[in-house]
Amino acid sequence: MTARDEVLGRIRAALGPDPPVPDVPRAYRQAGRAAGDVELFCERAAEYRARVVQASAGGLAETLAEVCRARGTARLVRARGVAWEVPGVEVVSDDPAAPATELDGAAGALTGCALAIAETGTIVLDGGPACGRRALTLVPDHHVCVVRAEQVVARVPEAIAALADAARDGRALTFVSGPSATSDIELERVEGVHGPRLLDIVVVR
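Heads up: the sequence shown at position 100 corresponds to 440 in our numbering, and the numbers run straight through without jumps.
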C-alpha cells in the first residue's frame, strides 16, 4: 500500500458510506394545455423566421395549397405516415429505403411532428412515420410541417418527458427552431446552409 492509498483510505473511513441519493422530482406540468401555449408557439416560431399559418382540420388541404403557391413549390415529398393531399401540387410519399439523392428533385417536404414547444418556438421530429427520415427534412429547400394544437407543450422539460419512449427506442430527435441558418462567417446570417431555407408551419386547431 502506498502512502497515497493509506491517506485516501483514512479519508474514506472517516467519511463513512455514501448516503443514498434521493430521486429527482420530475413533476412537470401535465394537466392540459394553457390557453396561450399555441399563441406563444406561433409567436416564437415566427421570431425565428418560420412562417406560421393557422388552419381548421377541414381547411388544411387548401391552406397547404396556399402555402405552396406562395413559395412556388410545385412538388412535395411527404412522410410515409401522413396522407395529406395538396390541390394543385404533385405529392409523392417518401420511400425511406431510397437513397437521399432521390430527394434532390423535390422542391419541398411535407411532414407532421412529434410535438412542438411553445416556450422556444420549436418543432420536434422523432423519425417516426409522421416525421419521416432525417434526410427528408434536410435535403429539400422547403419544409412544410403540420402541427396539431394538442401537440404543443409549454416548456422543454415537458417535451423531454413526452419524448422518453422515442429516445429509449434510439430514434433520432431533431429540434427545429426556424429555417436552417448560420452566422459562422463574419456574423452574417445565411439561410439554407445545413437544411431547408424555407420553413412553413401550419397549426391545425
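Just so it is clear, CB atoms sit at the ideal spot from N, CA and C, and this is done for glycine as well.
For T477 and P536, believed in contact at Cβ under 8 Å, the rounded distance: About 7 Å separates the Cβ atoms of P536 and T477, confirming a contact at the 8 Å cut-off.
Within 8 Å, strictly: CB atoms of I457 and R495: For the pair I457 and R495, the CB atoms are nearer than the 8 Å cut-off.
3-residue-minimum beta strand (DSSP E) runs that sit fully inside the region 378 to 403, ordered along the chain: Counting only runs of 3 or more residues that sit fully inside the region 378 to 403, the beta strand (DSSP E) segments are 391 to 395, in chain order.
Three-state secondary structure (DSSP) of I351: Helix.
V347 versus P357 - alpha carbon distance: So the alpha carbons of these two residues sit roughly 17 Å apart.
Beta-carbon separation (whole angstroms), D466 vs R511, contact threshold 8 Å: In this structure D466 touches R511 by the C-beta definition: roughly 5 Å separates them, less than 8 Å.
Endpoints, the alpha helix (DSSP H) within which E498 is located: In this chain, the alpha helix (DSSP H) harbouring E498 covers 496 to 502.
Candidates A504, F381, V533: closest to T460 by CA position: When only C-alpha atoms are compared, the closest one is F381.
Beta carbon of A405 nearer than 8 Å to that of G428: The answer is yes: Cβ separation under 8 Å.
Pair within 8 Å by beta-carbon distance, I541 and V392: Contact: yes.
Cβ-based burial, A419 [other Cβ within 10 Å; buried from 16]: By the 10 Å Cβ count, A419 comes out buried.
Of the residues G412, G398, R350, C485, the one placed nearest A385, counting alpha carbons only: For A385, the closest alpha carbon among the candidates G412, G398, R350, C485 is that of C485.
Span separating the alpha-carbon of V318 from that of D377: Here the chain comprises residues numbered 341 to 545, so residue 318 is not present and cannot be evaluated.
Three-way DSSP call (helix, strand, coil) for D466 in this model: Coil at D466, not helix or strand.
Residues near V530 by beta carbon distance below 7 Å, same chain, minus five either side: Hits under 7 Å: A521, T522.
Cβ-based burial, V464 [other Cβ within 10 Å; buried from 16]: The residue in question, V464, is buried, as its Cβ has 16 or more Cβ neighbours within 10 Å.
Candidates D434, R411, G448: closest to G421 by CA position: Cα-wise, what sits closest to G421 is D434.
One or two residues paired with L443 in a DSSP bridge: Answer is none; L443 lacks a bridge partner.
Three-state secondary structure (DSSP) of A475: In the structure shown, A475 sits in a helix (DSSP, three-state: H, G or I).
Whole-angstrom distance between H534 and D524, CA atom to CA atom: The alpha-carbon atoms of D524 and H534 are separated by roughly 12 Å.
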